[in-house]
Amino acid sequence: MRLTIIVEDRLVSVDGVGYNLPESIDLSWIPSDVWAVQWYDTYGEIEYNDGKLNSTISNLGIFEQAVTAFNSYTPPEPAPDTVETIVGTLETRVAALENNEISDDAVDTALLTLVSSLSQRVSALEASQ
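In terms of this note's numbering, the sequence shown opens at residue 1 and continues consecutively.
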């Protein structure tokens with residue numbers, strides 16, 4: 001398992017999936033001098049916020065609680081698309097293309113795909129409102 005904890009941001013990431021945990025999830029068990037923890041399957045490192053040198057660890061110890069906190073957290077559902085968000089996304093991508101900020105063929109293809117599906121999505125949203 002790959003684990004990253006960044007205390008100040010309340011970030012807990014397990015195997016590449018990370019959440020900034022809300023205040024309602026208790027992280028007070030993390031010692032106050034810890035800035036971050038990195039765990040790489042069988043060993044890890046504690047990074048400190050007080051100038052102390054990083055320390056190597058061979059087991060998670062108390063930091064196993066971060067995995068429990070991560071597993072107990074249910075992220076909020078993303079907001080549903082609205083006509084305004086779809087149009088805003090489209091306008092941003094078109095402007096970036098017009099300004100030559102992006103020119104990758106894959107992005108152009110994705111933009112064309114978005115444009116072709118836009119009217120269907122807008123119609124579906126209007127029908128549901």
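The C-beta atom is built at its ideal place from N, Cα and C for all residues, glycine as well.
For this session: Whole angstroms is fine: what's the gap from residue 56's alpha carbon to residue 77's?
Result: 37 Å
For this session: Indicate whether residue 118 and residue 81 have their beta-carbon atoms separated by less than 8 Å.
Result: no
Problem set entry | Local conformation of residue 62 per DSSP, three classes | helix
Problem set entry | Ordered list of beta strand (DSSP E) runs contained in the segment 35-96, each at least 3 residues | 43-48, 55-57
Problem set entry | Distance between beta carbons of residue 2 and residue 43, contact taken as under 8 Å | About 12 Å; that fails the 8 Å criterion.
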